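Only one structure is covered here, and it is reproduced in the block below.
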Amino acid sequence: MSEIKRVYSFGGKTADGDGSMRNLLGGKGANLAEMCLLGIPVPAGFTITTECCTEYYALDCNYPKDLAGEVAQALKKTEDIMGARFGDPENPLLVSCRSGARSSMPGMMETVLNIGLCSATIPGLIKKTNNPRFVYDAYRRLIMMFSDVVMEKAEGIEPAEGQGIRVQLDGLLHQMKVEKGYKSDTDLTEEDLVTLCDMLKRQVVRVLGKPFPDDAMEQLWGGIGAVFKSWNGKRAISYRRIEGIPDEWGTAVTVQSMVFGNMGDKSATGVAFSRNPATGEAKFYGEWLINAQGEDVVAGIRTPNPLNESTKNDQNRHLSSLETTMPKVYGELNQIQKNLEAHFRDMQDIEFTIQDGRLWMLQCRIGKRTGVAALNMAMDML
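So the sequence shown is numbered by numbering that gives the first Met the number 0: it starts at 0 and just counts up by one.
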């Protein structure tokens, strides 16, 4: 075994790293480790270091030879904490692959969710969750993300404007909704989603010339490589030039157990700030969506609900808050955000998922704010 440590595990209130290691683990990986050490509920996973990204490029986009063994060990730790097995037909674990540079680059880097769903694991997950609609919804999201991030962008394919695989697959989803008279993605039935997944996979072969991978490990390594490659994507390079971020920093890859906000009416996902980022007012502020995955909040597919009663506005006044819909979970989330702000001594931007009534924290970072808000917060925190 190599003496270089390339993979750092976290989960179950323990972590190999901590919040001071953002140069090595990226902002996301370092903060996830820190939250674990604070006893905050974080889905288990591991972070592959920024140094490994640099090695990857030095090896002409090949992985260092010891990386596979380290990833296998870290994956085993993750499986043991979460009580499920990656690629297992009966009790499958799904994971996400996310980038995490040491300096935040919002929207520039790539993410793939629901990795590990394939013909071998779908029946087991249906049996485990007793929710086939949820499983096929997760599968169609994986096909759409993976084909875009791993099979097109990471391969350097540059389609004509409006002809990218994601646009085409979104078009098939939209077409099905129009034909069925549906207003929302959540109106799609299990049968609709099974048909849609087959349509999406056929389109992937037609457009990209190769099939969507039906193997969990192939999906995982495809996701890891795509995140490393996204560091040198056109948008990321442009962003670095503007922000003065050095090319040699590289990005870390965080592989994390999936928790699901789209398992039904006791599940949700949201983003929040420990203070209002526009005004600096010391009020917990944010948005959430019931029965949704994190991408739905950001994508603006549905109008998000307000987090609490005190921050409702004219656009969302008619929608129920998390505070009234799930008061126990809201209370736990409210306490966590207070603890995080006190610990980091700055306004926090957090992402969370509620799976079947259980709260999980997916990210915390120092939140961006307006000049007015920055001044008000500085005065308030003196």
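Quick reminder that beta carbons are idealized off the backbone N, C-alpha and C, glycines included.
These figures come from a predicted structure and were not determined experimentally.
Residue i versus residue j: straight-line alpha-carbon distance, rounded
i           : j           : result
residue 59  : residue 232 : 15 angstroms
residue 135 : residue 124 : 10 angstroms
residue 26  : residue 4   : 18 angstroms
residue 161 : residue 207 : 15 angstroms
residue 387 : residue 191 : Residue 387 is absent from the model: the chain starts at 0 and stops at 381.
residue 325 : residue 315 : 17 angstroms
residue 108 : residue 333 : 29 angstroms
residue 105 : residue 350 : 13 angstroms
residue 6   : residue 226 : 15 angstroms
residue 172 : residue 68  : 39 angstroms
residue 322 : residue 155 : 45 angstroms
residue 168 : residue 174 : 10 angstroms
residue 56  : residue 17  : 26 angstroms
residue 248 : residue 66  : 19 angstroms
residue 183 : residue 176 : 8 angstroms
residue 273 : residue 308 : 15 angstroms
residue 303 : residue 288 : 5 angstroms
residue 282 : residue 72  : 42 angstroms
residue 78  : residue 278 : 43 angstroms
residue 62  : residue 178 : 45 angstroms
residue 84  : residue 93  : 8 angstroms
residue 364 : residue 38  : 17 angstroms
Assigned secondary structure, residue i (DSSP; H/G/I helix, E/B strand, else coil)
i           : result
residue 80  : helix
residue 91  : strand
residue 360 : strand
residue 250 : strand
residue 157 : coil
residue 55  : helix
residue 7   : strand
residue 41  : coil
residue 397 : This structure leaves residue 397 out entirely; the chain is present only between 0 and 381.
residue 304 : strand
residue 142 : helix
residue 258 : coil
residue 244 : coil
residue 211 : coil
residue 333 : helix
residue 460 : Residue 460 is absent from the structure shown; the chain starts at 0 and stops at 381.
residue 292 : coil
residue 0   : Only weak support is given to the placement of residue 0: the predicted model assigns it a pLDDT of 49, under 50, and the question is left unresolved by the model.
residue 74  : helix
residue 342 : helix
residue 112 : strand
residue 235 : helix
residue 13  : strand
Residue i - containing beta strand (DSSP E), residue span
i           : result
residue 97  : 94-100
residue 285 : 284-289
residue 188 : Note, residue 188: premise wrong, no beta strand (DSSP E); not H, not E.
residue 350 : 347-354
Closest residue to residue i among the options (Cα-Cα distance)
i           : options               : result
residue 138 : 115, 44 and 310       : 115
residue 216 : 35, 70 and 324        : 70
residue 347 : 355, 353 and 362      : 362
residue 359 : 78, 85 and 40         : 40
residue 22  : 47, 36, 313 and 38    : 47
residue 320 : 305, 333, 29 and 300  : 305
residue 102 : 318, 235, 329 and 33  : 235
residue 34  : 193, 340 and 353      : 340
residue 301 : 147, 322 and 269      : 269
residue 152 : 335, 6 and 224        : 224
residue 246 : 253, 238 and 252      : 238
residue 382 : 337, 67 and 11        : Residue 382 is absent from the model: the chain starts at 0 and stops at 381.
residue 24  : 198, 331, 252 and 81  : 252
residue 250 : 54, 37 and 36         : 54
residue 357 : 16, 327 and 168       : 327
residue 96  : 194, 254 and 87       : 254
residue 202 : 176, 229, 240 and 163 : 163
residue 20  : 73, 64, 99 and 87     : 99
residue 257 : 282, 240 and 293      : 293
residue 13  : 2, 29, 36 and 28      : 36
Sequence-distant residues of the same chain with beta carbon closer than 8 angstroms to residue i, five excluded per side
i           : result
residue 145 : 111, 114, 211, 212, 218, 221 and 222
residue 290 : 185, 260, 261, 262, 263, 264, 266 and 267
residue 87  : 120 and 123
Range of the contiguous alpha helix (DSSP H) that encloses residue i
i           : result
residue 30  : 21-36
residue 221 : 215-229
residue 128 : 121-128
residue 322 : 321-324
residue 64  : Run containing residue 64: none; DSSP gives neither H nor E here.
residue 165 : 164-179
Same chain only: Cβ atoms within 6 angstroms of residue i, ignoring 5 sequence neighbours per side
i           : result
residue 132 : 189
residue 31  : 9 and 41
residue 311 : 305
residue 141 : 113 and 116
Below-8 angstroms beta-carbon distance, residue i vs any chain C residue
i           : result
residue 110 : Of the protein chains in this structure there is only one, and it is not chain C.
Contact set for residue i: own chain, Cβ-Cβ below 7 angstroms, skip 5 residues either direction
i           : result
residue 355 : 262, 265 and 266
residue 11  : 43 and 80
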